[in-house]
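Going down the list, the sequences are from chains A and B. Positions 83 to 485 (my numbering) are the ones given, in order, by the first sequence. Positions 83 to 485 (my numbering) are the ones given, in order, by the second sequence. Below is one structure, written out as structure tokens; comments come after it.
There are 2 protein chains.
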Amino acid sequence: MANFDLIHDLLKPGTSKIVLLVLDGLGGLPRQSDSKTELEAARTPTMDRLAREGTLGMTIPLGPGLTPGSGPAHLSLFGYDPIARPVGRGVLEAIGVGLEVRRGDVAARGNFCTLDEQGRITDRRAARIPTEQAAPIVQRLSGIRLEGASAEVRHVREHRFALVLRGPGLDASLEDTDPQATGVPPLPVRASDPAAERSAKLVSEWTAKASELLRGEKTANGLTLRGFSTDPALPRFPEIFGVRAGCVAVYPMYRGVAALVGMTVIDVAGESPQDEFTAAGRIWTDYDFLFIHLKKPDSRGEDGDFEAKAAAIEEIDRALPSLLELEPDVLAITGDHSTPSQMRSHSWHPVPLLLWAPKTARRDSQQTFGEGACASGGLGNLPATDLMPLLLAHAGRLEKYGA
Amino acid sequence: MANFDLIHDLLKPGTSKIVLLVLDGLGGLPRQSDSKTELEAARTPTMDRLAREGTLGMTIPLGPGLTPGSGPAHLSLFGYDPIARPVGRGVLEAIGVGLEVRRGDVAARGNFCTLDEQGRITDRRAARIPTEQAAPIVQRLSGIRLEGASAEVRHVREHRFALVLRGPGLDASLEDTDPQATGVPPLPVRASDPAAERSAKLVSEWTAKASELLRGEKTANGLTLRGFSTDPALPRFPEIFGVRAGCVAVYPMYRGVAALVGMTVIDVAGESPQDEFTAAGRIWTDYDFLFIHLKKPDSRGEDGDFEAKAAAIEEIDRALPSLLELEPDVLAITGDHSTPSQMRSHSWHPVPLLLWAPKTARRDSQQTFGEGACASGGLGNLPATDLMPLLLAHAGRLEKYGA
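Have a look at this one:
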């Protein structure tokens with residue numbers, strides 16, 4: 083894990099520009115036909131040139147064998163050990179759908195469930211009610227008003243929603259109301275700390291009003307809440323690393339995580355890689371560090387579509403020259419985690435890393451950007467949390483330690 | 083970090099000989115013309131043969147992106163985590179110019195500064211007064227006598243000097259007198275711990291007498307002191323690792339750091355690699371472990387002279403057979419840090435490592451000693467602090483752990 087105090091002590095000012103380009107779910111697995119991964123099968127002349135000029139390696143998001151969710155995977159890339167500094171599930175669910183979570187707010191993950199006539203849970207996920215049926219129900223819940231606090235609710239997908247309470251004197255030390263079993267009713271809202279008594283009362287009140295509104299429903303006639311948490315007050319990225327840090331991302335989750343660590347979130351017109359690079363160019367002079375997030379490789383990986391994931395990577399490669407025209411001093415291209423299309427899900431596999439810094443990067447013998455080349459690359463396998471100090475060093479922003 | 087207690091528990095006696103050959107600043111960056119580093123461009127037939135017979139890798143001095151000073155870099159190679167066990171800046175400055183620092187001594191870094199008529203600092207570095215002007219001034223200060231303590235002072239270069247106070251009841255818990263600003267006078271000497279009151283008084287007295295002696299100077303008419311510290315009482319290298327340990331080095335800094343951890347410092351007649359290997363041969367039977375330090379690759383790297391750094395490495399390679407004739411059982415060739423001639427300074431880049439142990443080293447497929455080969459070497463990237471246990475193991479000096 084990056085030693086924040088040490089890094090902060092060693093900072094020196096600079097005018098260099100760092101870009102962390104994250105291709106979500108970049109890492110893959112080889113296909114049968116020719117043993118190439120999605121990245122290796124993709125035609126990526128620009129990334130291959132950068133690979134020849136720079137150094138390759140692999141980032142390990144959490145640790146060997148550990149598959150990260152999107153939140154922890156990004157925190158790790160930003161230098162925060164997501165195991166030592168966990169962010170609550172409620173917070174991640176809320177920011178993942180674009181809800182803001184401030185310090186002192188209470189965020190929770192909500193599940194619709196099915197209750198029998200005695201109020202006992204018969205299905206903890208309300209038969210995974212389709213999104214198009216669930217969304218209007220959530221819309222109804224957004225009308226609930228409380229005394230002394232505001233309540234925001236937003237649909238996630240199927241039976242899932244996020245809830246954020248805001249008001250004075252709140253505390254997130256609340257126990258889950260999901261009993262993790264059927265045949266029993268949802269648990270009452272209980273404070274695990276006396277400081278959260280008032281919050282418990284408010285959440286109970288919200289739950290009671292919501293239950294009223296769900297009374298007529300067939301499947302989604304009940305709900306449970308889990309993962310109560312608040313903004314974990316992480317050390318601020320711009321302060322730790324001494325950079326004006328901007329986030330160029332389209333999806334709420336990534337904008338949310340960036341905001342959580344104190345990056346400024348930039349507006350993007352459109353959703354394509356080119357649109358994001360154009361947004362980066364627009365604000366280029368105002369930032370020292372840009373985190374640019376590209377979602378599509380992960381989405382196509384989760385679809386299980388090898389060809390589409392490779393095509394998504396090719397689309398990024400075609401747009402890349404416009405980013406390079408901005409002349410970053412240090413560019414890292416990597417993923418937050420692997421999403422092999424064969425697995426249709428995130429995985430624990432190390433993630434290809436390309437470090438390009440014309441003045442200070444060593445060259446290894448690798449000629450292309452791909453899993454095989456990265457596994458033999460000059461940087462070796464490194465914890466994702468080690469990336470930030472490396473980028474700062476290449477950007478000339480760290481002093482020598484000791485005489 | 084090496085677990086000293088564990089290593090010590092596992093020690094077994096032996097007659098094997100270990101040599102740690104440190105080519106200061108060994109690591110480099112590729113030049114434009116043919117993408118070769120200094121080490122790769124150098125003709126090193128002997129090191130290349132050892133590379134074929136041994137295993138290559140990279141040592142990481144402090145951590146990703148962290149550039150070490152000479153002191154921390156060597157402590158790390160000796161197995162001591164220099165961040166967890168910091169050595170004070172005053173101590174490093176003093177031993178760097180050959181002053182001895184014993185437990186309880188107070189060492190400090192001194193700067194000449196320029197004061198205006200009101201005694202306010204106008205230049206914190208006395209216009210970087212040339213060494214030939216500053217040295218005689220330091221000489222004058224060496225005449226200062228104190229009651230109850232001795233004071234040794236030695237010039238470093240330009241405006242810098244080192245001061246060591248020795249006597250009963252001293253304590254280094256003193257605050258810097260450098261206000262890190264101009265327009266204000268130097269700060270008085272203040273104890274940060276009551277135990278250091280007496281030391282504060284003595285240093286004040288020394289400062290007052292020094293100020294008298296500087297009165298006539300134009301630029302160096304004042305001084306500040308920083309980094310007050312004492313011998314950190316590090317665990318003794320010969321005890322931790324169970325070896326009679328000798329240091330063969332010419333420059334004061336490296337002799338000083340070796341002495342600090344309890345190595346015996348050997349006298350060397352001359353300054354060339356051959357002179358050092360000859361000195362090693364002379365005391366060969368008396369030691370189990372020799373740290374041999376060769377300075378020139380770093381000096382030429384700091385000069386920014388690629389060819390001269392490569393030539394310095396070639397000179398070492400030519401002398402190497404005379405070291406091999408002594409028949410070490412284990413030989414590690416590495417650097418304390420990288421000093422790419424393009425950067426003219428220390429850097430954070432991992433450092434080439436060659437581990438040669440004819441009986442126990444695995445062979446990898448590498449054919450030459452260079453950054454590219456080491457990045458693909460069988461040992462991978464390893465923290466420099468992991469090197470000592472590896473050398474002991476190859477020397478047959480560590481028992482099995484557990485039944």
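Where a beta carbon is used, it is the ideal one built from N, C-alpha and C, also for glycine.
Judging by CA-CA distance, which residue of A:LEU92, A:VAL104, A:LYS94 is the nearest neighbour of VAL433 of chain A?
A:VAL104
Using three-state DSSP, classify ILE365 of chain A as helix, strand or coil.
coil
Which class does LEU158 of chain A belong to by DSSP, given the choice of helix, strand or coil?
Note that residue 158 of chain A corresponds to Ser in the displayed sequence, not to Leu. Note: SER158 of chain A maps to helix in three-state DSSP.
What number of angstroms, rounded off, separates the C-alpha of SER274 of chain A from the C-alpha of ASP258 of chain A?
10 Å
Give me the chain A residues within the contact set of SER117 of chain B, using Cβ-Cβ distance strictly less than 7 Å, ordered along the chain.
ARG445
Can you grab the Cα-Cα spacing for the pair ILE395 of chain B / HIS90 of chain B, in whole Å?
35 Å
Three or more C-beta pairs closer than 8 Å, one from the stretch 402 to 418 of chain A and one from the stretch 128 to 136 of chain A: is that the case here?
The stretch 402 to 418 of chain A vs the stretch 128 to 136 of chain A: in contact.
Going by Cα to Cα distance, which pick from A:GLU453, A:GLY452, A:GLY459 is closest to ALA455 of chain B?
A:GLY459
Is there a Cβ from chain B that is less than 9 Å from the Cβ of ALA133 of chain A?
no
Take ARG167 of chain A and list the residues in its own chain whose beta-carbon comes closer than 8 Å to its own, dropping the five residues that flank it on each side.
LEU157, PRO314, LEU316
So HIS241 of chain B contacts chain A; which residues on that side make the cut at Cβ distance below 9 Å?
The premise fails here: HIS241 of chain B is roughly 15 Å from chain A at the closest Cβ pair, so nothing lies under 9 Å.
Indicate whether at least one CB of chain A lies closer than 9 Å to the CB of PRO422 of chain B.
yes
Proximity below 9 Å, CB of SER381 of chain A to CB of LEU111 of chain A:
In this structure, SER381 of chain A sits away from LEU111 of chain A, with a CB-CB distance that is not shorter than 9 Å.
Who are GLU234 of chain A's beta bridge partners in DSSP?
A:VAL246
Between MET425 of chain B and the ligand NAP, is the CB less than 8 Å from at least one heavy atom?
As for the ligand NAP, it is missing from this structure, which has no ligand bound.
Where SER117 of chain A falls: helix, strand or coil (DSSP):
coil
Taking THR149 of chain B as the query, report the chain A residues whose CB atoms sit under 9 Å from its CB, ordered along the chain.
LEU92, ALA475, LEU480, GLU481, LYS482, TYR483
Alpha carbon of GLY170 of chain A to alpha carbon of SER311 of chain A, nearest angstrom
5 Å
ASN463 of chain B: contacting residues in chain A (beta-carbon distance under 7 Å)
Per Cβ cutoff of 7 Å: GLY462.
Closer than 9 Å at the beta carbon, the chain B residues around ASP468 of chain A
GLY145, PRO146, GLY147
So PRO440 of chain A contacts chain B; which residues on that side make the cut at Cβ distance below 8 Å?
What PRO440 of chain A touches in chain B: nothing, since even the nearest Cβ is about 11 Å away.
Report all residues from its chain with a CB closer than 6 Å to the CB of GLY251 of chain A; omit the five preceding and five following residues, and keep chain order.
ARG280
Please report the straight-line C-alpha distance between ASP163 of chain B and ALA331 of chain B, rounded to a whole angstrom.
The straight-line gap separating the alpha-carbon atoms of ASP163 of chain B and ALA331 of chain B is approximately 22 Å.
Can you pull the chain A neighbours of PRO164 of chain B, defined as C-beta to C-beta under 9 Å?
TYR483, GLY484
Can you name the residues of chain A whose CB is closer than 9 Å to the CB of ARG171 of chain B?
GLY484, ALA485
Partner residues on chain A for PRO314 of chain B, Cβ-Cβ distance less than 8 Å
The premise fails here: PRO314 of chain B is roughly 12 Å from chain A at the closest Cβ pair, so nothing lies under 8 Å.
ILE211 of chain B by DSSP, collapsed to three states: which one?
coil
GLY452 of chain B to LEU228 of chain B, Cα distance in whole Å?
53 Å
N-terminal and C-terminal residue of the beta strand (DSSP E) that TRP438 of chain A is part of
433 to 438
Once you ignore the five residues that flank THR213 of chain B on each side, which residues in its own chain have a CB closer than 7 Å to its CB?
ARG239, GLU240
Could you tell me which uninterrupted beta strand (DSSP E) segments, each at least 3 residues in length, are contained entirely in the stretch 351 to 426 of chain A, listed from first to last along the chain?
Correct list: 371 to 376, 412 to 416.
Helix, strand or coil, according to DSSP, for LEU305 of chain A in the structure here?
strand
Given that LEU472 of chain A touches chain B, what residues does it touch there, using C-beta distances under 7 Å?
PRO146, GLY147
Do ARG202 of chain A and PHE194 of chain A come within 9 Å of each other at the CB atom, strictly closer than that value?
no
Cross-chain neighbours of SER458 of chain A in chain B, by beta carbon under 8 Å:
Here the neighbours are SER458.
Considering Cα atoms alone, identify which of B:ARG242, B:PRO465, B:LEU284 is closest to SER24 of chain B.
Since the first residue of chain B shown is 83 and the last is 485, residue 24 of chain B is not available in this structure.
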